[in-house]
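Trainee: Protein chains in written order, with my numbering: chain D, 1 to 274; chain S, 1 to 274; chain E, 1 to 274; chain C, 1 to 274. Just so it is clear, CB atoms sit at the ideal spot from N, CA and C, and this is done for glycine as well. Computed from a predicted structure; not experimentally measured.
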C-alpha cells in the first residue's frame, strides 16, 4: 500500500507514506494494560472487537499513519479542524502556488439541499446548466492564476500576491495521525453530512486503513460506522415494541451474534425492558 | 456553586473554583458557525439539543470549568488519563505529603466481581470481615506515615522519603477542562465500569455541571448517558422485531418525541427496516 | 476590556468575549503545586516571574481567554495551526459568505524580501504602483463576489458556489485558548518572521492580555519576547569575550538584576566560563 | 536498536518497540512545506539544523517512537504529565501487581538539598545510614506485598486490595510520542532539576533517539540542550561587556560557527549592542 497514489477529485490524491504497527500492535498494547488475564480468554480478533465495542480506545492510538495528500484549500480548511494530528503544508509564502484548481464534476453541480442547510441536493443540475457553471468556474480560475502571475512578475511578495487565489486552489500536505483519531476522522468525514469533496478523501483513506488493519477496520464498521445510537426517549419507544419479544441463541446466531456479543445484546434488551 | 465543597469518599472533595460561560455561551458560539440561518429555526434549547444529538461538539468547548479536587493517588492516576485538561498537582518533592489516606467504607469492601475482570462484586463482605480489613488498612497507613516522618527526620530528601507512601494517600490538584471534554470524562467515569472511588467524584462534578449548564446537561443525559448504541448486527436483530411496527405522531409524543426529534427517530427506523 | 473591538487590518477586529482568571489565579494554582513552602519566600510577582523564567508553564494554563475575531481566510489558515485551542468558525456551507475582502494598505504593497524567503521587503512599492495593484485586487474581489451571487441565484449549493472565493475573503470565529498557549501564539505571531497581516492581530491580542494579566505579561516580555537564546557554540564564543569580566552587585542592579535573578545570572556566567 | 532493553534503576527498563521515520523523514516533510525553493540552498543536515534553530517544529512531529517502559509508580506520575503522547499502562484492576519495588542505590540516599526546594543534595548519606534506610525500605515493601497477597486471598477485589501498595511499586507501559514532543520531554527530564529517578530514563531514551535520528539529536544538543537563554535585562548586562568586541570570520570558525550560523550570531550581537 505504501506509495500507491489514490486519485481524489479531479486533480488530488492520497498516498500512504508510512505506517507504524498493524492489528497485532493493537493487541500487543492492550495486553500490557489488561495483563496476562486476557491472554487465555480472548484470541486477537475477539480482543480487538471487544476494545472497539467498549470504547477502550488507547490501544488503537498505538498505530500511526502518515499520508501525503493533495487537496483543494476549502477541503484542507475542514480537514485541519481535526487537531490531534501532525501537519506540514505547502507554503504560499515560501513557494509559488501551482496552477491547479478544483472544478466539480458535472454530476456534483447540484442545488442547495431543501432538507439539509449545510448540503447539496441529491440531483444534479441539467447537463447544459452544469457545463455552463463548470466553464465559468474554469475561466475564473484561469484569470485568477494569470493575475497571480502578473503580480509575481512585478516582484510583489508571494505572501501578498496569493491573497486573491480562490479556495479551490490545490495545496499539499503531509498528515500524520494515530488510528483512534483516524477512525474519528473517518466517522465524521465518510458520513453523509460531510461535504462530498472531503468524503472522497475519507473513502480513499478508508481503503488504505482497511488494508493495513483489516480486523480493526471491520470492528470499526460493525460497532461505529454501521451502528446507530438511540436516545433515552427513543429507547423507551423501541421498548414498547420489542418488549414482548425474546431471542433464542439460534435466532441471534442467524444475525451473526454469538458468545459474548450475544450476551451483551440480550443485556441491552433486558435494560430496554426495564 | 463556586466555592462550595462537595465531600467525596472519606476525606476528599470537589470544589468549583471558576466557570467561564453557560448555556448561552454554547448558543453564542454555535450561532457564529451556523450563521443567521439558524436564528429563526431554533430557539436556544432546541439548538443545544440539536448540537449534542449530532455530535457538533465544538460549541461545548467554549465553556470552561476549573475545580479544586482532593483525591487518593490511585484515583488521580485514573483521572489524569484524560489528557485534554490542565492540572496543577500538589508536589511531594516540594512539600510534605499529608497524613490522610483513603480507607474504603465497610460496604465497599467487596470481593472481586465474577463477571467483570476489572471490578468488584455487588455485595459487601460480612461486617466483621470488612471491619478487620479496614482496621488492617488503617494500621498500615499509620505505620507508613510514621516511617515517612522518621525518614524526613533523618533529613532524607522529600522526593525519596515519600516512595513508600501508598496510592491511598490523598493528593490535591487544580483541574481545568472544557465542557465537551468534561462530558466525555463524565460519560466514562459515571459509568458502572468505572471504579467506585472515581465514580463518586464523577457524580459530584455532574451535580455542579448540571447546575451550571442545565440545558446542556439535560441533553447530555438524554442523548449520551441514557442512550444506547447498537451495532450493525444488533440493528438487524432489532429490525426483525420492529420491522412490522409503525409509530404515529401521538404514540411518539407519548415518549416525549416530537418535531424534528420524532422525524429523526422515524428516519432511523426506516433505515432499520432497510 | 471585555467587548471592546480592536480594529485589525482594513475590515477585521479582535474582541475579548470572556476571560477566566487573572494574575492571582496563576499564583493560586502554583501554590497548590509548590505547597506552603513557597508562601513565605515569594510574593506574587516574584512567583509569577520565577514560574515564567523556569518554564513552569502549567499555572499559566489556568487562565483562559475567549475572543471573537474577524480575519481574512489566509490569516485564519496560519492561525488555526495552533492546535491547543477551541474554535467555532463561520461556515460557508450553512450561510452566505459576506462581501468583505482584505486589500493591503498601500504601504504594505511590497516586494519579495531579498533575505527572507517567506517575507516581504522593508520598503513599499512606489505609490502609483501600489495604487494600481490595490485597484486590481479590489476589482477582482468585486467580480468574484458578483460571480458568487450569480451562482447562488441559480440555486447552486452554497458549499460549491463559494469555491472560487479568494483567501482574502473575511471569515469570523470564536477562539478560546489558555494563557500558556496564548503566550506561545504571541511569541510566534508577534515575531518579525510572522506575516504582517497576522502580526497585526497578535499585537491587538497582546494589548488585551497585557491589560488582563499585567504581571504575567511583563514576565513574558522580559524572559521570552525580549530574551535571546544562544547555542552551545555561540556560548563558547561569548565566553571568550565575557570570560575575564566580573559583575558586582551594584553593576547588576543597574541592569535591574537583583536577588534571585542576579544570582541566576551569575550562575549562567560561571557556567559560560566553564 | 529495536527490542534492546536498556536497564534503568534497580529493576526497570526502556525498550524501543518501533520507530516511524528517521532524519530523512524530517527533511521530506519540511520540503513539502518550504517547497522546491529550499532544495538547492540547504543540504539535509543544514536544513534539519535550520529547522531546530528557528523553532520550525512541525517536521520533527513526523517521526514517531514507541517504547516499552518498566518504571516505579512515582516516576510514572511525573512522566504522564507529558500529555501529547499515547499510553497503555498495566492495570492493577485487571491483573495482580507484581512483587517489584524500587529501592534507591546507596549513593542516591541523600539529604534534602539546601538550595533546591524540590531536590536532593549532591552528597550521599554515610554508608551505614544509607544501608539502614535501604533495609527499612525493603522490609516495608516486603510487608506491604505480603499484606496485598493476604487481601487477595480473602477474595477482596484487586482494585481495592492494591490501595496500600506504595508508589515505589513498579508498573509498565507502552508509550508512543512524536520526536518534537520527545525532545521537549528530554529537555525537561534530562535536566538537573528533574528527579534523578526519571532522569535515568531520560538518559536511556536519549541514547536511543541519538542512534535513530543522529542529525536531529545533534541539533537538539547544540541549540536546545547546550544552549542558554538570557532575559532582556541579562542581555543588557552582557552587552555592556561584549559591546566593544568584534568577531572576524576566522574567530567564529574556531568556535564552529560558519556560514548562515555565523551570520545569525553576528546579527544577535548587533542587536545586543542595540
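1) Comparing alpha-carbon positions, which option in 121(D), 261(D) and 85(D) lies nearest residue 235(S)?
2) From residue 2(D) to residue 174(D), what does the alpha carbon distance come to, in whole angstroms?
3) Going by alpha carbons, who is nearest to residue 97(S) out of 21(C), 244(C) and 167(C)?
4) Chain S partners of residue 238(D), CB-CB under 8 Å?
5) Checking contacts by CB at 7 Å: is residue 23(C) closer than that to chain D?
6) Along the chain, which unbroken stretches of the alpha helix (DSSP H) at least 4 residues long are found entirely within the segment 15-88 of chain E?
7) Count the CB pairs spanning the segment 156-167 of chain E and the segment 84-100 of chain E that are closer than 8 Å, and state whether there are at least three.
8) DSSP has residue 125(S) in a bridge; who is on the other side?
9) Return no unless some Cβ of chain E is closer than 7 Å to the Cβ of residue 160(D).
10) Does the beta carbon of residue 123(C) come closer than 7 Å to any beta carbon on chain D?
11) At 8 Å on the CB atoms, spell out the chain S contacts of residue 247(D), in chain order.
12) Can you give the beta carbon distance from residue 227(C) to residue 230(E), rounded, assuming they're within the 8 Å contact cut?
13) Below 8 Å, how does it come out for the segment 140-159 of chain C and the segment 126-140 of chain S: are there three or more Cβ pairs, yes or no?
14) Using a Cβ-Cβ cut-off of less than 8 Å, list which residues of the segment 109-138 of chain C approach chain A; keep chain order.
15) So, is the C-beta of residue 40(E) closer than 7 Å to a C-beta in chain S?
16) In the DSSP assignment, find the unbroken alpha helix (DSSP H) run with residue 205(E) in it and report its ends.
17) From which residue to which residue does the alpha helix (DSSP H) around residue 249(D) run?
18) If the criterion is Cβ atoms closer than 7 Å, does the pair residue 77(D) and residue 215(D) meet it?
19) Give the DSSP-derived three-state secondary structure of residue 93(C) in the structure shown.
20) Return the CA-CA distance between residue 6(D) and residue 202(D), expressed in angstroms with no decimal places.
21) Just how far apart, CA to CA, sit residue 32(S) and residue 106(D)?
22) If I'm right that residue 172(D) touches residue 69(D) with Cβ under 8 Å, what's the distance once you round it to whole angstroms?
23) Are the CB atoms of residue 30(C) and residue 51(C) within a distance shorter than 7 Å?
24) Mind checking residue 254(S): buried by the 16 CB within 10 Å criterion, or exposed?
25) Leaving out the 5 sequence neighbours to the left and right, which residues in its chain are closer than 8 Å to residue 211(D) when beta-carbon positions are compared?
26) Do residue 180(D) and residue 43(D) have their C-beta atoms within less than 7 Å of each other?
27) What's the C-alpha gap between residue 41(C) and residue 28(C)?
28) How should residue 104(E) be labelled, buried or exposed, when 16 other C-beta atoms within 10 angstroms of its C-beta is the threshold for buried?
29) Would a C-beta distance cut-off of 7 Å place residue 87(E) and residue 21(E) closer than the cut-off?
30) Going by CA-CA distance only, name the one from 84(S), 73(S), 47(S) and 232(S) that's closest to residue 176(S).
31) In angstroms with no decimal places, state the Cα-to-Cα distance between residue 113(C) and residue 120(C).
32) Anyone know if the C-beta pair for residue 251(C) and residue 14(C) falls short of 7 Å?
33) Taking only the alpha-carbon atoms, compute the straight-line gap between residue 9(D) and residue 184(S) and give it to the nearest angstrom.
34) Can the beta-carbon of residue 169(C) be found less than 7 Å from the beta-carbon of residue 247(C)?
35) How about residue 223(C): is its C-beta nearer than 7 Å to some C-beta of chain E?
36) Shorter than 7 Å from the beta carbon of residue 12(S) to some beta carbon of chain D?
Mentor: In short, the structure shows the following:
1) 261(D)
2) 14 Å
3) 167(C)
4) 238 and 242
5) no
6) 23-34, 37-41, 44-53 and 73-79
7) yes
8) Answer is none; residue 125(S) lacks a bridge partner.
9) yes
10) no
11) 237
12) 6 Å
13) yes
14) Chain labels in this structure do not include chain A; the protein chains are D, S, E and C.
15) Confidence is the limiting factor: at residue 40(E) the pLDDT is only 49, short of 50, which leaves the residue's position unreliable, though a coordinate-based value still follows. It does not: the Cβ of residue 40(E) has no partner Cβ on chain S nearer than 7 Å.
16) 196-212
17) 249-254
18) no
19) coil
20) 11 Å
21) 32 Å
22) 7 Å
23) yes
24) exposed
25) 1
26) no
27) With a pLDDT of 47 at residue 41(C), under the threshold of 50, the modelled position of this residue cannot be trusted; read the value that follows with caution. Approximately 15 Å, taken between the alpha carbons.
28) buried
29) no
30) 84(S)
31) 4 Å
32) no
33) 35 Å
34) no
35) yes
36) no
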